[in-house]
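Input: a single structure, listed below in structure tokens.
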Amino acid sequence: MRDGAEKRAGGARRTLRGAAPVAVLLLLISANVLWVAGSLRLYEALFDRHGVAADTGISPEGLREVGRQVQDYFAGDEEPLQARAAVYGEERDLFTDAEAAHMADVKAMFRRVERVQLGAALFLLAALAASIFFERRRAVAEAARWLMGGAIVTAAFVAAVGLASLVAFDAVFDLFHALGFPQGNYRFDTRTSFLVRIFPFGFWRDVTLLIGVMALAEAGVLYAAGRALRRKAAAFGARGSADGGE
């Protein structure tokens, strides 16, 4: 009976060793995506970097207000998105019904990302609590393994997406939209659409790069933390063995 319990515990341990690193990846990527989506300063920096004011006729102050309106829309429940700004001095609505419908789909996607973030965080907390309860002294070593595994999985994922983006970012961008918005309402005329002129292709390329860089930095921190925890667990185990021997 004891052998059966140990076998089940070993199976659960292996399952968590596979699932926890994936949860770490999902937690990091979702957190970074949501931070980027809510950073008005980042919007302003990228508007300036890509010459959006000159291309649209909207002043930098006006673009800041548009960014705030878009972020308020994502954070709230009002529909549809209604953004206004002075274009070459004339106040007007910016987005068409089709563009507003696409932004509604983007908001829904962010809601899914929020659920992924919450689910990953709750899973990791529950796994940690279970590990502490059942593994006791081994819990620290298991947590260290999860952190290091999550860091490696995250780095591998970012490297794969980064390499694909370097080779063919256009294709990666189109694939993301085809998967995320299967209804196909994401293609607009770059000559007339304020949505794609305010948020041009380069804007999203830079956002993708930033999310990847942030994830790599976070993975490095987690890997270092995991190594430190592993050393602590090893020292604790050695001390426990010595005490037991006495």
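Per the working numbering, the sequence shown starts with residue 169, numbered consecutively.
The C-beta atom is built at its ideal place from N, Cα and C for all residues, glycine as well.
Roughly how many angstroms lie between the CA atoms of residue i and residue j, to the nearest whole one?
i	j	result
ASP357	LEU290	42 Å
MET169	GLU303	Residue placement at MET169 is flagged as unreliable, the pLDDT there being 49, under the threshold of 50; a coordinate-derived value is accordingly withheld.
ARG217	ALA251	22 Å
ALA272	ALA403	53 Å
THR264	ALA392	48 Å
VAL308	LEU296	9 Å
GLU418	PRO248	Outside the shown range of the chain (169 to 414) lies residue 418, about which nothing can therefore be said.
VAL389	ALA319	8 Å
GLU267	GLY352	12 Å
ALA269	GLN239	16 Å
Would you list the one or two residues that DSSP bridges to residue i?
i	result
ALA253	ARG260
Report the three-state DSSP secondary structure of residue i (helix, strand or coil).
i	result
GLY352	coil
PHE344	helix
ASP338	helix
GLU436	Because the chain in this structure spans residues 169 to 414, residue 436 falls outside the shown range and cannot be described.
GLU247	coil
PRO189	helix
If you follow the alpha helix (DSSP H) that residue i is in, where does it begin and where does it stop?
i	result
GLY235	228-243
THR358	Segment: none, THR358 is in no alpha helix (DSSP H) and carries neither H nor E.
GLU303	265-303
THR212	Reading off the sequence shown, one finds Glu at residue 212, where the question assumed Thr. Looking at the DSSP string, the run of the alpha helix (DSSP H) that includes GLU212 is 208-217.
Could you tell me whether the Cβ of residue i comes closer than 8 Å to any Cβ of chain C?
i	result
GLU229	In the structure shown, chain C does not exist; there is a single protein chain.
Self-check item: the stretch 218-231 in contact with the stretch 184-195 per 3-pair CB rule at 8 Å
Solution: With the cut-off at 8 Å, the stretch 218-231 and the stretch 184-195 do not touch.
Quiz item: If you pair each beta-carbon of the stretch 393-403 with each one of the stretch 365-377, do three or more pairs fall below 8 Å?
Solution: Contact between the stretch 393-403 and the stretch 365-377 is absent: fewer than three C-beta pairs spanning the two stretches fall below 8 Å.
Quiz item: For the 8 Å Cβ check, are there 3 or more pairs between the stretch 342-356 and the stretch 377-387?
Solution: Not touching, per the Cβ criterion.
Practice problem: Would you check if there are 3 or more beta carbon pairs closer than 8 Å linking the stretch 275-283 to the stretch 198-210? | Solution: Counting C-beta pairs with one atom in each stretch, the stretch 275-283 and the stretch 198-210 have three or more that are closer than 8 Å, which means they touch.
Quiz item: Are the stretch 208-215 and the stretch 229-241 touching by the rule of at least three beta carbon pairs closer than 8 Å?
Solution: Verdict: yes, contact present.
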